[in-house]
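For reference, the structure is listed below as structure tokens.
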Amino acid sequence: MNTKPGPRGPNPDDCELCAADRFTHWYYEDEHCWVADCEVCAVPMVVWNDHGTEPTDEAVEHMMAKLNKAAAGRFGDVGWKIDRTMRQVPEHFHAHARDADWWGQRFRRPMSKYTGVGGERHEHGNPIGT
Ligand SMILES: [Zn+2]
Ligand SMILES: [Zn+2]
4 MNTKPGPRGP NPDDCELCAA DRFTHWYYED EHCWVADCEV CAVPMVVWND HGTEPTDEAV
64 EHMMAKLNKA AAGRFGDVGW KIDRTMRQVP EHFHAHARDA DWWGQRFRRP MSKYTGVGGE
124 RHEHGNPIGT
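The numbering used here applies: residue 4 is where the sequence shown begins, and numbers increase by one.
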């Protein structure tokens with residue numbers, strides 16, 4: 004976790020994206036970002052490791068590439084799109100990959116669970132190892 008102060012916004016200590024709790028499936032992580040299922044929307048979401056809203060162009064490109072990869076792995080090559088609107092936590096850069104059904108399905112989809120970074124994706128109700 005990054006502890007350096009952000010350029011603006013509330014204290015990163017109070018930020019749920021800085022907290023980076025591992026409850027859902029994590030697709031990827033490195034020193035720049037992490038990609039996991041959003042606990043609210045149940046779709047892949049990339050989160051910058053820095054608390055702020057202005058990553059460099061290179062960082063954005065890197066993050067979008069990782070989100071694209073996670074989304075393509077889950078949804079396939081078509082039928083979803085990147086949503087960079089930051090509704091929940093406007094002071095910390097993140098983006099979602101939303102499939103066409105995400106809104107109607109968001110409470111019906113079984114939530115994925117954390118089983119380590121980059122492994123197979125498991126949902127609650129699916130026994131691990133099958
Ligand atoms: Zn979300
Ligand atoms: Zn934050």
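Ideal Cβ positions, reconstructed from N, Cα and C, are used throughout, including at glycine.
CB of residue i within 7 Å of CB of residue j, strictly
| i | j | result |
| --- | --- | --- |
| residue 97 | residue 20 | yes |
| residue 65 | residue 18 | no |
| residue 69 | residue 117 | no |
Option in the options with minimal Cα separation from residue i
| i | options | result |
| --- | --- | --- |
| residue 29 | 102, 45, 62 | 45 |
| residue 110 | 41, 51, 79 | 41 |
| residue 94 | 25, 51, 61 | 51 |
| residue 79 | 47, 35, 63 | 47 |
| residue 103 | 70, 25, 74 | 74 |
| residue 113 | 43, 34, 83 | 43 |
Residue i, buried or exposed, once every other Cβ within 10 Å from all chains shown has been counted against 16
| i | result |
| --- | --- |
| residue 115 | buried |
| residue 39 | buried |
Legend entry - Segment contact, 8 Å Cβ cut-off, at least three pairs: the stretch 109-125 with the stretch 80-96: no
Inset, instruction - At 4 residues or longer, and completely inside the stretch 41-105: list those alpha helix (DSSP H) runs for me, N to C. - result: 60-78
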